[in-house]
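If you read the sequences in order, they're chains A and B.
Take 1 as the starting number for the first sequence in this note's numbering and just add one per residue.
Take 191 as the starting number for the second sequence in this note's numbering and just add one per residue.
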Amino acid sequence: MSESMTKPDRATNDLFGNVRKANSGDQNAIAALRTELDGANGNAIIGVCGDLAFQAEESLLVAMLGEQEGAKTCVREKMKQMRKELGRDESSALERILIERIVATWLDLHFAELVCNQWQGGSIPEAKYKQHRIDRSHKRHLSAIKVLATVRKMGLSMMVDIKAAIHIPQTPQESMESQANRFAAVERWN
Amino acid sequence: MAWENRTGVGLYYTRSRRVNGRIVREYIGQGPIAELAHQTDIEKRLEREAERKAIEAVQRRDAELDRKLDSFVELSNAVTSGLLILAGYHQHKRGNWRMSNERVND
Numbered sequence: 001m002s003e004s005m006t007k008p009d010r011a012t013n014d015l016f017g018n019v020r021k022a023n024s025g026d027q028n029a030i031a032a033l034r035t036e037l038d039g040a041n042g043n044a045i046i047g048v049c050g051d052l053a054f055q056a057e058e059s060l061l062v063a064m065l066g067e068q069e070g071a072k073t074c075v076r077e078k079m080k081q082m083r084k085e086l087g088r089d090e091s092s093a094l095e096r097i098l099i100e101r102i103v104a105t106w107l108d109l110h111f112a113e114l115v116c117n118q119w120q121g122g123s124i125p126e127a128k129y130k131q132h133r134i135d136r137s138h139k140r141h142l143s144a145i146k147v148l149a150t151v152r153k154m155g156l157s158m159m160v161d162i163k164a165a166i167h168i169p170q171t172p173q174e175s176m177e178s179q180a181n182r183f184a185a186v187e188r189w190n
Numbered sequence: 191m192a193w194e195n196r197t198g199v200g201l202y203y204t205r206s207r208r209v210n211g212r213i214v215r216e217y218i219g220q221g222p223i224a225e226l227a228h229q230t231d232i233e234k235r236l237e238r239e240a241e242r243k244a245i246e247a248v249q250r251r252d253a254e255l256d257r258k259l260d261s262f263v264e265l266s267n268a269v270t271s272g273l274l275i276l277a278g279y280h281q282h283k284r285g286n287w288r289m290s291n292e293r294v295n296d
């Protein structure tokens, strides 16, 4: 593995490999997975998820609304409302990440539809591209909803304990702080 | 679009386009009408190029947004799959999650 990768990158890359192997019944991979997702390690990975969600949402907001801070505040408020409706406050750390995924993919779908509606009188390749983008976003959004439904149906959060009150950053300042804390935590376990 | 040099006639403007998969050449002629057709063709070409560049810029921006969103989606998928596996499930042929046999027999 490349030396230039950061420790959280390495941890997440190992996770992808172990999930693949563990799904085919590899006991060593299952043991490794348990180490990776338990306690502080699990918290750090969930923390990485939170940061990635925040970055994706902020980039979408900037692409969608540019410097219109008022409009951004309205969309952020709508996202907050969605999180509440999906039961974020009463959910486990994993469910909160999945709720964040639904919100982020909703924003992406909303943006794709907005671009499609604003882009009037284009050529056939343009129209095809717009439609393809909407289809892709729609698929991603449905998949996000399905994963949360699966986790809730199986009562996964009851069976697997990720011991933490994970806080998903809501501002760039919080994102930077949580990233610094996570790097410090990863330094401690390695 | 091209100016053809005809012996004894001089420059002659022609325009090629595709009709049902075949190239058809339209002969415009000489003089002010040919000049006007030439200018119109240049303007149309520039418009098409600007349109193509605009689509490319949008595609580049979308690719960057997709990259950010996909890294979050992939990681959240991996965490969820990992936790489901630890809870005794396995994913059958990339489809539904099923309780593993050992766990069912417990």
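Heads up, the beta-carbon is just placed ideally off N, CA and C, and yes, glycines get one too.
Predicted, not measured: the structure shown is a model, and the values here were computed from it.
- Sixteen is the threshold: since fewer than 16 other Cβ atoms of the shown chains lie within 10 Å of the Cβ of Ile124 of chain A, the residue is exposed.
- Between Val62 of chain A and Met79 of chain A, the beta carbon gap of about 14 Å keeps them out of contact (Cβ cut-off 8 Å).
- Leu201 of chain B is bridged by DSSP to B:Asn195.
- By the criterion of a C-beta distance shorter than 6 Å, Met82 of chain A is surrounded in its chain by Val103, once the five residues flanking it on both sides are discounted.
- By the C-beta criterion, the stretch 243-261 of chain B is judged not to be in contact with the stretch 82-93 of chain A, since fewer than 3 inter-stretch pairs fall below 8 Å.
- Under the three-state reduction of DSSP, Arg83 of chain A is assigned to helix.
- The CB of Arg83 of chain A never comes closer than 9 Å to any CB in chain B; the least such distance is about 15 Å.
- By the neighbour-count definition (other C-beta atoms within 10 Å, threshold 16), Tyr129 of chain A is a buried residue.
- The C-beta distance from Glu216 of chain B to Arg207 of chain B rounds to 7 Å, short enough to fall under 8 Å.
- Here the stretch 12-31 of chain A makes contact with the stretch 263-274 of chain B; the two share three or more CB pairs at distances below 8 Å.
- Residues are counted here when their Cβ sits less than 7 Å from a Cβ of chain B; for the stretch 128-141 of chain A these are Tyr129, Arg133, Arg140, given in chain order.
- Nearest Cα to Leu98 of chain A within the set B:Arg242, B:Ile275, B:Ala240, B:Thr270: B:Thr270.
- The C-alpha of Glu237 of chain B is placed about 22 Å away from the C-alpha of Val214 of chain B.
- In the DSSP assignment, Gly39 of chain A falls outside any beta strand (DSSP E) and lies within the alpha helix (DSSP H) extending over 39-65.
- With 16 or more other CB atoms across the displayed protein chains lying within 10 angstroms of its CB, Arg133 of chain A is buried.
- Counting of Cβ neighbours within 10 angstroms places Glu254 of chain B among the exposed residues, the total staying below 16.
- Distances from the CA of Ala192 of chain B to each of B:Gln229, B:Arg242, B:Gly211, B:Val209 were compared; the closest alpha carbon is that of B:Gln229.
- Rounded to the nearest angstrom, the gap between the Cα atoms of Gly221 of chain B and Tyr202 of chain B is 9 Å.
- Neighbours of Trp193 of chain B across chain A, judged by C-beta separation under 7 Å, do not exist; the nearest C-beta is about 28 Å away.
- With 16 or more other CB atoms across the displayed protein chains lying within 10 angstroms of its CB, Asp108 of chain A is buried.
- Nearest to Leu94 of chain A by C-alpha distance, out of A:Ala71, A:Gln118, A:Gly155, A:Leu60, is A:Gly155.
- Within the same chain, and ignoring the five residues on either side of Ala227 of chain B in sequence, the residues whose Cβ sits closer than 8 Å to its Cβ are Tyr203, Arg205, Ile218.
- Contacts with chain B (Cβ-Cβ distance below 7 Å) from the stretch 62-76 of chain A involve Ala63, listed in chain order.
- Comparing C-alpha distances from Leu273 of chain B to each of A:His141, A:Asp135, A:Gly39 shows the shortest one belongs to A:Gly39.
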